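In the working numbering, the protein residues as written are 449 to 917. Note that the Cβ used here is the ideal one computed from N, Cα and C, for glycine as well. Model, not experiment: these values are computed from the prediction.
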Amino acid sequence: MTTKNNKKLEKAWSGRFEEPVDELVKRFTASVNFDYRLAEYDIRGSIAHAEMLCSQKIINDNDLQAIKTGLADIESEIQEGKFNWSLDYEDVHLNIERRLTELVGDAGKKLHTARSRNDQVATDIRLYVRDQIDSTVTLIRRFQSNLLDLAEKHVHTVMPGLTHLQVAQPISFAHHLMAYFEMTKRDVERLSSLRNRVNRLPLGSGALAGTTFNIDRLNVAEKLGFEGVCENSLDAVSDRDFAIEFCTTVALIMMHLSRLSEELILWMSPQFQYIEIADRFCTGSSMMPQKKNPDVPELVRGKTGRVNGHVVSLLTLMKGQPLAYNKDNQEDKEPLFDTAQTIRDTLLVFTDMLTGISVNKDAMYKATAKGFATATDLADHLVRKSLPFRESHEIVAKVVKLASERKCDISDLKIQELKAVSPMIDEEMIGKLSSEAALESRNHIGGTGSLAVNKAILKARNWVENDDI
Ligand code: ARG
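In structure tokens:
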């Protein structure tokens, strides 16, 4: 980043100023250090704006050609890392405009006709967020596809389903994973509905009140792929609710991935030993030679807090601002950019990590046998013998107490012992108390039985591969 001696410098807005801006103020108010990331959107927006100015006869053909050539050159300079970003020109918009004028002369000075940086920046951010929505959806679909690959292999893998972190009922590992498919499917739906709200054009709103020129906003909207225009100029330049919504939507995705991370961490611990995560996603300890730490899921859990923080920053940024644009809004960018970067990296690494998970079916199965996981099934069998559920619940509670005293599973109790608790318990019921039987007696939609889960996987696969955002 370069900076020049202030005294000689003419700024785009310095006409009425009698002294140069203070050096510290220059640094304090500049945003080019981070908003240079908007350059490609800024250029795209400028081309659409200039074309419209020309077709509305506000600038002539020669001006338009000069502007387009200049902007194309600037785009190459930026891509090749040759562009000289300067703090003296405050932000991405003024840096590009200054260079354009340097390259093509007076035509460059006409580009800002009927435009303000206020509607310009709002347009750039909307284009940026729209791109981030699309790439996040693509990355979620890849994550889901790997999740389905893993689920497919474990439709018959029994594990304890937990409530209160206590063994509750047997489920399949596939069914557990499919819960995360449902969560991330809703995440995609949220992104897709947000896209409609983001996809509106602010340009034409000027600084806040519109413009005196005979502009054609619908034409600019169409060129930039927007579905419509922002319908109120004050709202268009001042609200950043769409950026906040993107960050909250990402916060929800991160929250889902954080829950899965927490489970992977537990499952990988020596106390559980349900899974192994491939070495390339783990690190060791510099002191304890035996350690293999699940750093990737731990960092995903940690970065979730970071995104939550960005949501709070942005909500706080907006809440006290009177209409319309205020410079406060410049602070929207870093939280937004960091949120986009975080979800991108997280989804990339997580998707890859799913292929490095190996499952210890034996440990999962043994853990299921420990917690009287089929007690509800026994109660259900008694209900089918026409006992009211509350009574069967009480009988089975006594059976559990007995098994617990004998230090065995319910299915290991002798039939005489069971009959002593309730004569209604019969041998056939006991035969149906295995974890596998428990799974297979739940084959309704949403159940953990293998038929139901296979159907759910098939439906999910279809959705991942075919659904357009
Ligand atoms: N860099 C500014 C931002 O990000 C651009 C808009 C500046 N507008 C203004 N009136 N100072 O918000």
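Closest residue to residue i among the options (Cα-Cα distance)
i: Ser-583; options: Thr-790, Gln-769 and Asp-572; result: Thr-790
i: Lys-671; options: Ala-496, Glu-488, Asp-915 and Asn-914; result: Ala-496
i: Leu-542; options: Ile-873, Trp-461 and Pro-836; result: Trp-461
i: Val-797; options: Arg-590, Met-500, Phe-465 and Ile-526; result: Arg-590
i: Glu-488; options: Asp-470, Glu-523, Asp-786 and Gln-864; result: Glu-523
i: Glu-525; options: Asn-510, Leu-535, Tyr-537 and Leu-551; result: Leu-551
i: Leu-866; options: Met-702, Tyr-773, Asn-680 and Leu-830; result: Leu-830
i: Ala-726; options: Asn-741, Pro-718, Met-736 and Ile-507; result: Asn-741
i: Gly-529; options: His-892, Arg-485, Val-636 and Asp-470; result: Arg-485
i: Asp-857; options: Glu-884, Thr-822 and Ala-885; result: Thr-822
i: His-602; options: Asn-914, Ile-905 and Val-912; result: Ile-905
i: His-892; options: Ser-640, Lys-903 and Leu-656; result: Lys-903
i: Ile-515; options: Thr-660, Ser-503, Asp-539 and Thr-549; result: Thr-549
i: Ser-686; options: Ala-817, Leu-714, Asp-776 and Val-636; result: Asp-776
i: Ala-817; options: Thr-803, Asp-860, Lys-781 and Ala-827; result: Asp-860
i: Ala-868; options: Ser-883, Glu-884 and Leu-850; result: Leu-850
i: Val-748; options: Ser-593, Ala-684 and Thr-787; result: Thr-787
i: Gln-504; options: Ser-479, Arg-574 and Ile-663; result: Ile-663
i: Met-449; options: Asp-509, Val-744 and Val-540; result: Val-540
N- and C-terminal bounds of the alpha helix (DSSP H) containing residue i
i: Ala-815; result: 809–817
i: Phe-576; result: Here residue 576 turns out to be Tyr, not Phe, going by the sequence shown. Note, Tyr-576: alpha helix (DSSP H), 565–600.
i: Gly-890; result: Note that residue 890 corresponds to Arg in the displayed sequence, not to Gly. Where Arg-890 is concerned, there is no enclosing alpha helix (DSSP H), given that its DSSP letter is neither H nor E.
i: Asp-828; result: 823–832
i: Lys-474; result: 471–477
i: Asp-511; result: 509–527
i: Thr-896; result: No alpha helix (DSSP H) contains Thr-896, which DSSP labels as neither H nor E.
i: Gly-493; result: 487–503
i: Ile-544; result: 540–552
i: Phe-482; result: 480–483
Where the beta strand (DSSP E) containing residue i begins and where it ends
i: Ser-640; result: From DSSP, Ser-640 is part of no beta strand (DSSP E) but of the alpha helix (DSSP H) over 621–646.
i: Ile-723; result: 723–725
DSSP state of residue i mapped onto helix, strand, coil
i: Gln-617; result: strand
i: Ile-663; result: coil
i: Ile-843; result: helix
i: Thr-450; result: strand
i: Ser-706; result: helix
i: Thr-561; result: coil
i: Thr-611; result: strand
i: Phe-820; result: coil
i: Thr-794; result: helix
i: Ser-686; result: helix
i: Tyr-773; result: coil
i: Pro-871; result: coil
i: Val-862; result: The question names Val, but residue 862 in the sequence shown is Lys. Lys-862: coil per DSSP, three-state reduction.
i: Trp-461; result: coil
i: Pro-468; result: coil
i: Ile-713; result: helix
i: Cys-695; result: helix
i: Lys-671; result: helix
i: Ile-905; result: helix
i: Ala-555; result: helix
i: Ala-657; result: coil
i: Gly-918; result: Nothing can be reported for residue 918, as the shown portion of the chain is limited to 449 through 917.
i: Met-736; result: coil
i: Pro-783; result: helix
i: Leu-881; result: coil
i: Lys-751; result: helix
i: Gln-789; result: helix
i: Gln-778; result: helix
Closer than 8 Å to chain C by CB, residue i
i: Glu-525; result: No chain C appears in this structure, which consists of one protein chain only.
Bridge partners - residue i, DSSP secondary structure assignment
i: Val-677; result: Leu-649
i: Val-606; result: Ser-620
i: Asn-741; result: Thr-731
i: Ile-805; result: Ile-725
i: Ser-923; result: No answer is possible for residue 923: it lies beyond the span of the chain, which begins at 449 and ends at 917.
Closer than 7 Å: residue i CB and nearest the ligand FMN heavy atom
i: Val-569; result: The ligand FMN is not among the ligands present in this structure, which contains only the ligand ARG.
Pairing CB atoms from the stretch 687–706 with CB atoms from the stretch 757–771, are three or more of them under 8 Å? yes
Check whether the stretch 839–849 and the stretch 559–577 are in contact - that is, three or more C-beta pairs closer than 8 Å. no
Three-pair Cβ contact test at 8 Å for the stretch 634–652 versus the stretch 615–624: Using a Cβ-Cβ distance cut-off of 8 Å, the stretch 634–652 and the stretch 615–624 are not in contact, since fewer than three pairs of beta carbons, one from each stretch, lie closer than that value.
Taking 8 Å as the cut-off, does the stretch 736–756 touch the stretch 704–721 (at least 3 CB pairs, one atom from each stretch)? yes
Per the contact definition of three or more C-beta pairs closer than 8 Å, is the stretch 594–603 in contact with the stretch 619–632? Contact between the stretch 619–632 and the stretch 594–603 is present, because at least three Cβ pairs lie under 8 Å.
Quick check: the stretch 710–728 against the stretch 801–817, are there 3 or more CB pairs under 8 Å? Touching, yes.
Can at least three beta-carbon pairs, one atom from the stretch 654–673 and one from the stretch 630–637, be found at a separation below 8 Å? no
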